[in-house]
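Q:
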Amino acid sequence: MFPQLSEEVFPAPIKSVEAGSAAERAGVRPGDQLLRVNGQSVTDVLAYRHLLSQGKAALEISRPAAVPFFATPQDHHTIKMGEAAQTFFFEVEWEDPGLEFEEVLFDGIKKCANKCDFCYVHQMPRGFRKSLYIMDDDYRLSFLYGSFVTLTNLTEGDINRILDENLSPLYVSVHSSNQALRQDMMKWWKLKVKDQQATQITGMIERLSSIDLYTQIVLLPQRNDGENFDETLEYLTSRPNVISAAVVPIGLTDHRKNLPDVRPFNKEEAKDVIKRANIWRKKLLAERGTRFIFPSDEFYLLAGEPLPTEEEYEGFPMLENGVGMIRDFLTEGMPALPERLPTPKKVILGTGLLFAESLDLAVEPLRAIEGLEIEVRAIENQTFGKVTTVAGLLTGRCFRAAVKTGEADLLIVPPTTLRYGTELMIDNTSLSELAHTLGMPVKSGGSTLGELARVILGDVVSSGPQFGMSAHAVKENSKIDGSSQA
Ligand code: SF4
1360 MFPQLSEEVF PAPIKSVEAG SAAERAGVRP GDQLLRVNGQ SVTDVLAYRH
1410 LLSQGKAALE ISRPAAVPFF ATPQDHHTIK MGEAAQTFFF EVEWEDPGLE
1460 FEEVLFDGIK KCANKCDFCY VHQMPRGFRK SLYIMDDDYR LSFLYGSFVT
1510 LTNLTEGDIN RILDENLSPL YVSVHSSNQA LRQDMMKWWK LKVKDQQATQ
1560 ITGMIERLSS IDLYTQIVLL PQRNDGENFD ETLEYLTSRP NVISAAVVPI
1610 GLTDHRKNLP DVRPFNKEEA KDVIKRANIW RKKLLAERGT RFIFPSDEFY
1660 LLAGEPLPTE EEYEGFPMLE NGVGMIRDFL TEGMPALPER LPTPKKVILG
1710 TGLLFAESLD LAVEPLRAIE GLEIEVRAIE NQTFGKVTTV AGLLTGRCFR
1760 AAVKTGEADL LIVPPTTLRY GTELMIDNTS LSELAHTLGM PVKSGGSTLG
1810 ELARVILGDV VSSGPQFGMS AHAVKENSKI DGSSQA
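So for the sequence shown, my numbering puts the first residue at 1360; every next one is plus one.
Now the structure itself:
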């Protein structure tokens, strides 16, 4: 017997059932839905796993109407269409039932309660896939996939759950330890904030003292940089549960809607950010054995300062945040290069305005190869605007505008323009579509210099993965198809 519950149920559609598992033995099939475990409503996979970790678990499964029902896997002759929904139970004890769900969150994604001055969602042009406009701020996705959350939408129940279930680590957007400044930058809607104390970032970091926190600071010029930045770093570095702080500049587009005017960082300001970070990095390395603060590549490029060494990135844990991507790219150098190509070839390397100069220097050794003409083309962003200089936001439209039909034998696009594991750019232009329009092969360049060289040279050197990413980049990109700059 199971208790009758009045609480809301969140049916979780089942994507697949593992062969030979308890669920398969019980006749569960893809398309069925999990309703409850031990009579309790389940909100997400974390709660599901938590309930299973208690030992004995009775799973209540619903089969929606009109789906064929097999009483047992062998009962294939009992297909009945158009029936009312059916519910059945099966039990496991210290055993994984073997269910994979369509979504990890059964009760829907938690949306953010803020309207940040730097919100990327509010700077997106129209017409992209829906997931890019979702203003998610869900601590469960932070734990599962490493997406950054602000914590401003937490309830007391959420906070207790994080602590009770030890949802560690979490990834937190701090921006400033100065409460008034943070509020001014993030402008949360009081009515949407569930628990006012959750907005007190220093109080929350202290309350979550048993949870490891990887933090992020989005810097805006003359807002939270300078002395404010120092104060924030001083606070974060004083908290034992804060593991690191990634520092990224505000990302701007020409499509800011209902947001205050913000300008990009200039060279002097970028230098100042690095200078301040370096003072703390040196101190932290001596005291905690980690540099703790990791400014993004963009700051080094803007400042015209050398990138940190590979060792200084301490394993590249923040590639997704644009921290260390260029150093990661350079870690695998050129393969042995041929003296000449059997047939002459012109190759265009398309990239964003920010990285073009560095890429041009990096590929210099290839220019010694007879018969190979290489041009690094700095491509303006036609979709997001000239102010958007990173390569990852270039679209098919940008390449079509910047490259003439048939003007080269090969066009190479940065792998960061492609959605992970696909050939699709952010505007859904595929590489084959672009190749067809431009009348030349189009390939992804790989994410290390060595891979890029192999893609350029093709059969002349042994080829690497065409859509390859470095081991670090694969780890980072497999986390989630992120949508916001929380
Ligand atoms: S940046 Fe993130 S937290 Fe801020 S408003 Fe946008 S979605 Fe919300």
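We treat Cβ as the ideally placed atom computed from N, Cα and C, and that holds for glycine.
Starting from D1495, follow its DSSP beta bridges and name the residues at the other end.
A: The sequence position of residue 1495 within the sequence shown is 136, counting from 1. Beta-bridge pairing links D1495 to K1470.
Q: Since I believe F1653 is in contact with S1603 (beta carbons under 8 Å), could you give me their beta-carbon distance rounded to a whole number of angstroms?
A: Locating residue 1603 in the sequence shown gives position 244, counting from the first residue. Locating residue 1653 in the sequence shown gives position 294, counting from the first residue. S1603 to F1653, Cβ: 6 Å. Contact.
Q: Name the two residues that bound the continuous beta strand (DSSP E) containing T1702.
A: Here residue 1702 refers to the residue found at position 343 of the sequence shown. Counting along the chain, the beta strand (DSSP E) containing T1702 begins and ends at R1699 to G1711.
Q: Using 7 Å as the cut-off, classify the Cβ of T1558 as near or not near the heavy atoms of the ligand SF4, replying yes or no.
A: For the purposes of this step, residue 1558 is taken as the residue at position 199 of the sequence shown. Checking the Cβ of T1558 against the ligand SF4 gives no.
Q: Return the chain-ordered list of same chain residues with a C-beta closer than 6 Å to the C-beta of P1372, the five sequence neighbours on each side being excluded.
A: Residue 1372 sits at position 13 when you count from the first residue of the sequence shown. Answer for P1372: Q1392 and E1461, listed in chain order.
Q: Is G1709 near L1793, with beta carbons less than 8 Å apart?
A: Within the sequence shown, numbered from 1, the residue matching residue 1709 stands at position 350. Within the sequence shown, numbered from 1, the residue matching residue 1793 stands at position 434. Not closer than 8 Å, so no.
Q: For T1446, which of helix, strand or coil comes out of DSSP?
A: On the sequence shown, position 87 is the one that residue 1446 refers to. Note: T1446 maps to strand in three-state DSSP.
Q: Any heavy atom of the ligand SF4 within a distance shorter than 7 Å of the CB on F1477?
A: Stepping through the sequence shown from its first residue, residue 1477 is reached at position 118. F1477 Cβ: within cutoff of the ligand SF4.
Q: Is C1757 near the ligand SF4, going by C-beta to nearest heavy atom under 7 Å?
A: Mapped onto the sequence shown, residue 1757 falls at position 398. No, the ligand SF4 has no heavy atom inside 7 Å of this Cβ.
Q: Does the separation of the CB atoms of P1774 and G1805 fall below 8 Å?
A: Here residue 1774 refers to the residue found at position 415 of the sequence shown. Here residue 1805 refers to the residue found at position 446 of the sequence shown. The answer is yes: Cβ separation under 8 Å.
Q: In angstroms, rounded to a whole number, what distance separates the CA positions of M1684 and L1418?
A: The sequence position of residue 1684 within the sequence shown is 325, counting from 1. The sequence position of residue 1418 within the sequence shown is 59, counting from 1. Between M1684 and L1418, the C-alpha separation is close to 44 Å.
Q: Just the Cα atoms here: how many angstroms apart are N1525 and L1578?
A: For the purposes of this step, residue 1525 is identified with residue 166 of the sequence shown, where counting begins at 1. For the purposes of this step, residue 1578 is identified with residue 219 of the sequence shown, where counting begins at 1. Cα to Cα, the separation comes out at about 30 Å.
Q: Pull up the DSSP beta-bridge partners for Q1575, would you.
A: On the sequence shown, residue 1575 is found 216 positions in, with the first residue counted as 1. Per DSSP, S1532 and A1605.
Q: Is it true that the region 1533–1553 meets the region 1470–1477, where meeting means three or more beta-carbon pairs spaced less than 8 Å apart?
A: Touching, per the Cβ criterion.
Q: Evaluate contact between the region 1660–1672 and the region 1613–1630, counting only Cβ atoms and requiring at least three cross-stretch pairs below 8 Å.
A: Yes: the two stretches touch, three or more of their Cβ pairs being nearer than 8 Å.
Q: What residues are listed by DSSP as bridge partners for K1415?
A: By one-based count along the sequence shown, residue 1415 stands at place 56. DSSP output for K1415 lists E1452 as bridge partner(s).
Q: Less than 7 Å separating the Cβ of M1693 from some heavy atom of the ligand SF4?
A: Counted from its first residue, the sequence shown places residue 1693 at position 334. Answer for M1693: no, Cβ out of range of the ligand SF4.
Q: May I have a chain-ordered list of the alpha helix (DSSP H) segments no shorter than 4 residues that lie completely inside the region 1764–1806?
A: List check, alpha helix (DSSP H) in window: 1790–1797.
Q: Which residues in the same chain as K1374 place their Cβ atom closer than 7 Å to its Cβ, once the five residues preceding and following it in sequence are excluded?
A: Here residue 1374 refers to the residue found at position 15 when the sequence shown is read from its first residue. For K1374, where only same-chain residues beyond five positions count, the Cβ hits under 7 Å are P1389, E1459, F1460 and E1461.
Q: So within the region 1714–1751, which uninterrupted alpha helix (DSSP H) runs reach at least 4 residues, ignoring any that extend past its ends?
A: Taking only runs of at least 4 residues, the alpha helix (DSSP H) segments lying wholly in the region 1714–1751 are 1715–1721.
Q: Tell me whether N1680 counts as near the ligand SF4, meaning its Cβ is closer than 7 Å to at least one heavy atom of that ligand.
A: If you number the sequence shown from 1, residue 1680 lands on position 321. For the ligand SF4, not one heavy atom lies less than 7 Å from the Cβ of N1680.
Q: Using a Cβ-Cβ distance under 8 Å, would P1667 count as near chain B?
A: This model lacks chain B altogether, as it is built from one protein chain only.
Q: Among the residues of its own chain, which have a CB less than 7 Å from the CB of V1376, if the five just before and after it don't count?
A: Stepping through the sequence shown from its first residue, residue 1376 is reached at position 17. Around V1376: A1382, E1383, V1387, R1388, P1389, G1457 and L1458.
Q: Using C-beta distances below 6 Å, list every residue in its chain close to I1564, excluding the 5 sequence neighbours before and after it, in chain order.
A: Within the sequence shown, the letter at position 205 stands for residue 1564. For I1564, where only same-chain residues beyond five positions count, the Cβ hits under 6 Å are R1598.
Q: Pull up the CB-CB distance for L1394 and V1368, whole angstroms please, since I reckon it's below 8 Å.
A: Working through the sequence shown from its first residue, we reach residue 1394 at position 35. Working through the sequence shown from its first residue, we reach residue 1368 at position 9. Sure, about 5 Å apart at Cβ, within 8 Å.
Q: Within the chosen definition, does the region 1738–1748 reach the region 1605–1616 through at least 3 CB pairs nearer than 8 Å?
A: Yes, since at least three Cβ pairs between the region 1738–1748 and the region 1605–1616 fall closer than 8 Å, the two stretches touch.
Q: Based on DSSP bridge pairs, tell me the residues matched to D1656.
A: Here residue 1656 corresponds to residue number 297 of the sequence shown, with the count starting at 1. Answer by DSSP bridge pairing: none, since D1656 is not bridged.
Q: I need the straight-line Cα distance from T1748 to E1671, nearest angstrom please.
A: By 1-based counting over the sequence shown, the position of residue 1748 is 389. By 1-based counting over the sequence shown, the position of residue 1671 is 312. The straight-line gap from Cα to Cα measures roughly 25 Å.
Q: Would you call T1558 buried or exposed, if buried means 16 or more other Cβ atoms sit within 10 Å of its Cβ?
A: Reading the sequence shown from its first residue, position 199 is the one you call residue 1558. Buried: at least 16 other Cβ atoms inside 10 Å.
Q: Is any non-hydrogen atom of the ligand SF4 found closer than 7 Å to the C-beta of V1480, if you look at the structure I gave you?
A: Sequence index remark: in the sequence shown, residue 1480 carries index 121 (1-based). Because some heavy atom of the ligand SF4 lies under 7 Å away, the Cβ of V1480 counts as near it: yes.
Q: Are the region 1696–1711 and the region 1721–1737 touching by the rule of at least three beta carbon pairs closer than 8 Å?
A: The region 1696–1711 is in contact with the region 1721–1737.
Q: Strictly by DSSP, which residues pair up with Q1392?
A: Against the sequence shown, residue 1392 aligns to sequence position 33. DSSP output for Q1392 lists P1372 and S1421 as bridge partner(s).
Q: Does the beta-carbon distance from L1696 to A1721 come in below 8 Å?
A: Position 337 of the sequence shown, counted from the first residue, corresponds to residue 1696. Position 362 of the sequence shown, counted from the first residue, corresponds to residue 1721. No. Outside cutoff.
Q: Could you tell me the alpha carbon to alpha carbon distance between V1396 and G1467, rounded to whole angstroms?
A: Here residue 1396 is taken as the residue at index 37 of the sequence shown, counted from 1. Here residue 1467 is taken as the residue at index 108 of the sequence shown, counted from 1. So the alpha carbons of these two residues sit roughly 18 Å apart.
Q: Using alpha carbons as the reference points, say which of H1795, S1789 and K1745 lies closest to T1764.
A: Here residue 1764 is taken as the residue at index 405 of the sequence shown, counted from 1. T1764 has its Cα closest to that of H1795, out of H1795, S1789 and K1745.
Q: Buried or exposed: A1636, going by 16 or more other Cβ atoms within 10 Å of its Cβ?
A: Taking the first residue of the sequence shown as position 1, residue 1636 is located at position 277. Buried, since its Cβ has 16 or more Cβ neighbours within 10 Å.
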